[in-house]
Amino acid sequence: MYALLSSGQYYVLNPMLVNKAYKYELDPNNHQRSSLQHHAGVARFAYNWGLEQRIKLYKTNQGNDRFTDAMKQHKLLNSLKKSQYPWMYHCSKCAPQEALRDLHQAFKNFYRGLKTGKHIGFPRFKRKSVNDSFRLTGTIRFEGRRIQLPRIGKIRIKEQRLSYYRGRILSVTVSRRASKWFVSVTVEEEIEDPKPISGHAVGVDLGIKTLATLSDGTIFPNPRALGRRIAKLRKLSRSLSRKQKGSKNREKAKLRLARMHLKIFNVRHDTLHKLTTYLAKSHSRIVIEDLCVSGMMKNRRLARAIADVGMFEFRRQLEYKCTWYGSELHVAPRTFPSSKRCSVCGHKKKELSLSEREYNCEECGLRVDRDLNAALNLVAVSLPETQNARGEDVRRYRQSSEISIMQTSVKQEPNIDQGL
Ligand SMILES: [Zn+2]
């Protein structure tokens, strides 16, 4: 059993058989470019057509006739193709089929949300040029630096060296971001049974000022490139808002802004991969917080900063990397007061504002960096009381006052993740 995560590139089938995705930038010629655009258009059309039909059925019919599924919808759409939508013949039949499958999944998620009380929005109509993408299955293979796609043909790949992969190609998702086309190839791979890692347990506190603080005192700062680009992003979006609607200059400004978004996304992704690989490869157990991100997003000032740190992405990467490398991932319960609790004496503060960067304990006099205190609390969750030796670690760090800083040295123009 497995689930395809719409945002995710990896998902675990069982401990030995994993699906990995390899993403490359395509270098299509003009003919291929328009074919890609056409496929994305057909996929979007099928999705919107399917959504409209589902809404209509629900409103007009009774009982079970109010519902349909991806297969029924695909049959119906095929029967209409000849008379009403002949332009769909120029494109692989997979594109509309997979779009209808995605729609079915979106409805399943929505209904599950209603049952469990989680808020998952009603499927929305897709807009033109917003997240253009489509998925293909069937005969897909690499030929040197080209990838063969059904109906579209062989497209050159921009990367010089392709990442090595074994296993069977399941599908490809082609997507456009800021006038660039990417292909993400999902492969089913068998991985070796990982041997348990003998390293220490580590608590990780994800922050806003710093990317992550580890309970052993290691700090991962946010990459500087990110801050610089965010400043640039602001400038670009201001410049866009001044351009006249419908003008050529506005289109240009729009593209520049989209490119900057893409760069920021790449930097963030790259940094998180380095952090999660380091954690999963060299620690027997990793303890993280179960952050209620959606709750924190309501605070608008914090929202951007949190989104930048990419908490969801962090946990997602850790989950599959721990499976790969044989480490354990512990998630502390949501109610665990990791920031407010003193890591030496266990005293719990009633209030701790976000601006307080240092934890001062009024019970035992502990003064320690706020994030380090949280990380120490987290690692203590997973250790038995005897091994915990409350406070030992903190005292050691305070004496040495030596906190190592891990540089995540981000390349200037990192590639989209290549199956790290
Ligand atoms: Zn204390």
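Following the numbering used here, the numbering of the sequence shown begins with 369 at its first residue and continues without gaps.
Where is the CB? At the ideal position from N, CA and C, for every residue including glycine.
Quick caveat, the model's predicted, so the values are computed rather than measured.
Beta-bridge pairing by DSSP links T541 to R503 and S552. Proximity of the beta carbon of L734 to ligand 1 is indicated: a heavy atom of the ligand is located closer than 7 Å. Annotation for N397: no beta strand (DSSP E) segment contains it, and DSSP assigns it neither H nor E. Around the Cβ of C710, a 10 Å sphere holds 16 or more other Cβ atoms; the residue is buried. In this model, E724 and A580 are separated by some 17 Å (Cα to Cα).
Annotation for E726: no alpha helix (DSSP H) segment contains it, though the beta strand (DSSP E) segment containing it runs E726 to N728. By the Cβ neighbour-count rule, H472 is buried, with 16 or more other Cβ atoms within 10 Å of its own. Here DSSP, grouped into helix, strand and coil, assigns K600 to helix.
At a threshold of 7 Å, E726 does not count as near ligand 1, since its beta carbon sits no closer than that to any of the ligand's heavy atoms. In this structure, the CA atom of R702 is about 12 Å from the CA atom of L746. Beta-bridge partners assigned by DSSP to L385: E558. Closer than 7 Å to some heavy atom of ligand 1: that does not describe the Cβ of E719. Less than 8 Å separates the beta-carbon of D395 from that of I525. For F493, there is no enclosing alpha helix (DSSP H), since its DSSP letter is neither H nor E. In this structure, DSSP gives F478 a helical state, which the three-state scheme calls helix. In this structure, E731 has its CB closer than 7 Å to one or more heavy atoms of ligand 1. Looking at the backbone, the Cα of L425 and that of E726 are separated by about 58 Å. For I508, there is no enclosing alpha helix (DSSP H), as DSSP marks it with neither H nor E.
Taking a C-beta distance under 8 Å as the contact criterion, S695 and S652 qualify as a contact pair.
Ranked by how close their Cα comes to the Cα of L647, the residues K622, Y693, E466 and L623 have Y693 in first place.
Note on geometry: alpha-carbon atoms of R618 and I520 lie some 31 Å from one another.
Put simply, of F478, H407 and R596 the residue whose alpha carbon is nearest the alpha carbon of G489 is F478.
Your pair V551 and I537 does not check out as a contact, with CB atoms roughly 11 Å apart and the cut at 8 Å. In the three-state scheme derived from DSSP, where H, G and I count as helix and E and B as strand, I525 is classed as strand.
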